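J.:
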Amino acid sequence: MATLIVVGSQWGDEGKGKIVDLLAQEAQIVVRFQGGSNAGHTVITKRGTYVFHLVPSGILYRGKLCMLGNGVVIDPAGLIQELDHLIERGVKIGRNLIISPRAHLIMPYHKALDAVSEEAKGSRRIGTTGRGIGPAYADKMARVGIRIGDLLQPDVFRQKVEENLVAMNRHLHHVYQADRFSAEKICHEYLGYADRLRPYVADVSALLDRAIAQGRHILFEGAQGTHLDIDFGTYPYVTSSNATAGGACTGTGVGPTKIDGVIGVTKAYTTRVGEGPFPTELTDEMGEALKTRGQEFGATTGRQRRCGWLDSVLLRYAVRVNGLTSLAVTKLDVLDGQSELKICTGYRHRGKLYKEMPADLTVLRECTPVYERLPGWSMPTTGITGYKQLPMQAKRYLARIEELAACPISMISTGSRREDVIVLHHPLTGGRMRSLKRHSA
Ligand code: GDP
Ligand code: IMO
Ligand code: MG
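In this note's numbering, each number is its position in the sequence shown, counted from 1, plus 84.
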């Protein structure tokens, strides 16, 4: 496979950064296609811990091209800060970074609107990351967004800011009693960023087209997760972009016929940050144990992640809407030491059994999950790199995930470090996929 999309199968934070970093060893290009600095992708190497918000998780290798596609929303101040931190830590940033001129900008008023609208919603708030993501995508769809390409043309940029502020200031002030923004101040600040970002701006779609024709290996790095997708997630408790595989095409300018595979990253259990329904959420000691053992605190906002059992209804849906060709199961080690594990196989609501993900949030909120119980294991799995070394119960647990999700597992992550992984089948360079049953044989 030369072109591979990596997506989250749950509510984000599945370990996409780790998986992308690992696969990037065999790729020449890594491209982000949606989301913005709401993402927090952690990569742990011998040189330390890196948390990427906008920069693709392939940047730590020399000689790899990292791109931000048109579907990404870019906060230029945040991006420059991230680049500066990386440079300080010895990462080379130069011709290895490409930004699409079609990517939209996050403006200061987007962040302000994100904050005040969340506050006004009260108990109905979404629990956003406060990075201005929703308002920036709303402007894009309303055709008043300002793009990276506009930033490079001071007159065009100034005019768009002035035009937008007429309505935006009125809205901020009259609806939310918030402070107004000055066009002059924004232009002064942003046109400074323009000089810094100009060298990186190039046609991402055209470059990817050429790379695909040359048979280069390309990773499309998803942010967030399937159930945070604006169309397929638990709307309205979602982000404002298509975090599912289709977003990789519209967010980079690569046609669907050029995509060879899609890998879905899933934790061995489930987590969620922010508000919204979560049928398998655990508010008991087991939930606490997952939070503590899994270090479940958001990489972007530091908020505690809600934790629960693995939900195969969510997972099967992710296999379907993304067309997943394989799964990467992460954080298996976090389940070490549990005598019993549970996997949700359906939702029961008012006498009806749901085996497929319902669109109705009331069902998700009120349902009782139907669980299958499986034996746990006591042996530590942290750092195991060979499938055969896994305890028999862990193999059974993984095989059951494969069966319930109806998708083969290609990778199993057994720790946060780069090298803590079992690669059953390399999604970029491997041949034919085999099921876990054949690996056990
Ligand atoms: P992403 O947003 O999908 O890239 O995931 P995050 O980086 O936000 O969160 C995943 C967290 O789990 C990070 O702190 C990773 O270092 C950590 N992690 C990833 N894989 C594993 C694993 O297999 N075991 C353990 N214990 N931690 C992992
Ligand atoms: P990565 O890429 C987990 C959640 C927020 C909130 C909702 C909307 O690290 O997996 P937004 O700021 O996007 O308008 O917030 O989406 N959210 C994430 N949760 N991981 C992420 O990214 C997330 N990005 C957004 O917590 O519930
Ligand atoms: Mg994250």
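Built from N, CA and C at the ideal position, the CB exists for glycine as well.
Note that the structure is predicted; figures quoted are calculated from it, not measured.
What three-state label does DSSP hand Phe-241 in the structure shown?
T.: Note: Phe-241 maps to helix in three-state DSSP.
J.: Can you check DSSP and say which residues form a bridge with Gln-388?
T.: Partner(s): Phe-381.
J.: In terms of alpha-carbon separation, which member of Val-505, His-311 and Gly-339 lies closest to Ser-289?
T.: When each option's Cα is compared against that of Ser-289, the closest is Gly-339.
J.: Would you please state the rounded distance, in angstroms, between the beta carbons of Cys-428 and Val-454? I believe it to be under 8 angstroms.
T.: Between Val-454 and Cys-428 the Cβ distance is about 7 angstroms, and since that is below 8 angstroms, they are a contact.
J.: Can you tell which of Asn-326, Asp-313 and Met-151 has its C-alpha closest to the C-alpha of Ile-302?
T.: Considering only alpha carbons, the answer is Met-151.
J.: Would you identify the three-state DSSP class for Thr-452, choosing helix, strand or coil?
T.: Strand, per DSSP.
J.: Within 10 Å of its beta-carbon, does Gly-218 have 16 or more other beta-carbons around it, so buried, or fewer, so exposed?
T.: The residue in question, Gly-218, is buried, as its Cβ has 16 or more Cβ neighbours within 10 Å.
J.: DSSP state of Glu-424, grouped into three classes?
T.: The answer is strand: DSSP assigns Glu-424 an E or B state.
J.: Taking its Cβ as the centre, do 16 or more other Cβ atoms sit within 10 Å of Ser-201, making it buried, or is it exposed?
T.: Buried: at least 16 other Cβ atoms inside 10 Å.
J.: For Leu-437, count neighbouring Cβ atoms within 10 angstroms of its own Cβ and tell me buried if that reaches 16, exposed if not.
T.: So Leu-437 counts as exposed.
J.: Would the beta-carbon of Ser-550 be found less than 7 angstroms away from any heavy atom of the ligand GDP?
T.: As shown, the chain starts at 85 and ends at 525. That puts residue 550 outside it, with no answer to give.
J.: Going by DSSP, what residues sit across from Lys-100 in a beta bridge?
T.: None; Lys-100 has no bridge partner.
J.: Where does Thr-129 fall in DSSP's three states?
T.: The answer is strand: DSSP assigns Thr-129 an E or B state.
J.: Inspect the beta-carbon positions of Asp-420 and Pro-464 and report whether they are closer than 8 angstroms.
T.: The answer is yes: Cβ separation under 8 angstroms.
J.: Contact between the segment 294-314 and the segment 96-105: three or more CB pairs below 8 angstroms?
T.: In short, these stretches touch, since the Cβ pair count reaches three.
J.: Looking at Ala-161: is its Cβ nearer than 8 angstroms to the Cβ of Tyr-277?
T.: Their beta carbons are under 8 angstroms apart, which means Ala-161 touches Tyr-277 by this criterion.
J.: Excluding sequence positions up to five away, which residues of its chain have a Cβ less than 7 angstroms from the Cβ of Leu-106?
T.: Correct list, in chain order: Arg-502 and Val-505.
J.: Helix or strand or just coil, what does DSSP make of Ile-343?
T.: DSSP places Ile-343 in coil when its eight states are reduced to three.
J.: Per DSSP, what kind of secondary structure is Pro-160 in: helix, strand or coil?
T.: Correct three-state label for Pro-160: helix.
J.: Compare the Cα-Cα distances from Leu-520 to each of Arg-484, Tyr-274 and Leu-149 and report the closest residue.
T.: The option with the nearest alpha carbon to Leu-520 is Arg-484.
J.: Going by other Cβ atoms of all chains shown within 10 Å of its Cβ, with 16 needed for buried, is Lys-472 buried or exposed?
T.: It counts as exposed.
J.: DSSP three-state call for Val-175: helix, strand or coil?
T.: Note: Val-175 maps to coil in three-state DSSP.
J.: Can you check DSSP and say which residues form a bridge with Thr-354?
T.: Paired residue(s): Gly-392.
J.: CA-CA distance, Glu-486 and Tyr-353?
T.: Computed Cα separation, rounded: 14 angstroms.
J.: Give me every residue whose Cβ sits closer than 5 angstroms to any heavy atom of the ligand MG, in chain order.
T.: Matched residues: Asp-97, Gly-124 and Ala-383.
J.: Is it the case that the Cβ atoms of Phe-117 and Gly-331 are separated by a distance below 8 angstroms?
T.: In this structure, Gly-331 lies closer than 8 angstroms to Phe-117 by Cβ.
J.: Using only alpha-carbon positions, find the residue among Thr-126, His-255, Lys-176 and Tyr-321 that is nearest to Gln-379.
T.: Gln-379 has its Cα closest to that of Thr-126, out of Thr-126, His-255, Lys-176 and Tyr-321.
J.: When every heavy atom of the ligand GDP is checked, does at least one fall within less than 7 angstroms of the C-beta of Thr-126?
T.: Result yes, Cβ under 7 angstroms from the ligand GDP.
J.: Where does Ile-217 sit, in a helix, a strand or coil, going by DSSP?
T.: In this structure, Ile-217 counts as helix in the three-state DSSP scheme.
J.: The alpha helix (DSSP H) spanning Ile-230 covers which residue range?
T.: First-last for Ile-230: undefined, no H or E at that position.
J.: Within 8 angstroms of any Cβ in chain D, is that where the Cβ of Thr-213 sits?
T.: Given the protein chain composition of this structure (a single chain), no chain D is represented.
J.: The ligand IMO heavy atoms versus the CB of Ile-217: any closer than 7 angstroms?
T.: It does: the Cβ of Ile-217 is within 7 angstroms (strictly closer) of some heavy atom of the ligand IMO.
J.: If I follow the unbroken alpha helix (DSSP H) through Met-476, where does it start and stop?
T.: Element bounds for Met-476: 476-489.
J.: Hey, could you find the ends of the alpha helix (DSSP H) Ser-201 is sitting in?
T.: That run of the alpha helix (DSSP H) goes 192-205.
J.: Please determine whether the Cβ atom of Thr-418 lies at a distance below 7 angstroms from any heavy atom of the ligand GDP.
T.: The sequence as given places Val at residue 418; Thr does not occur at that position. For the ligand GDP, at least one heavy atom lies less than 7 angstroms from the Cβ of Val-418.
J.: Does the distance between the C-beta of Ser-497 and the nearest non-hydrogen atom of the ligand GDP fall short of 7 angstroms?
T.: Because some heavy atom of the ligand GDP lies under 7 angstroms away, the Cβ of Ser-497 counts as near it: yes.
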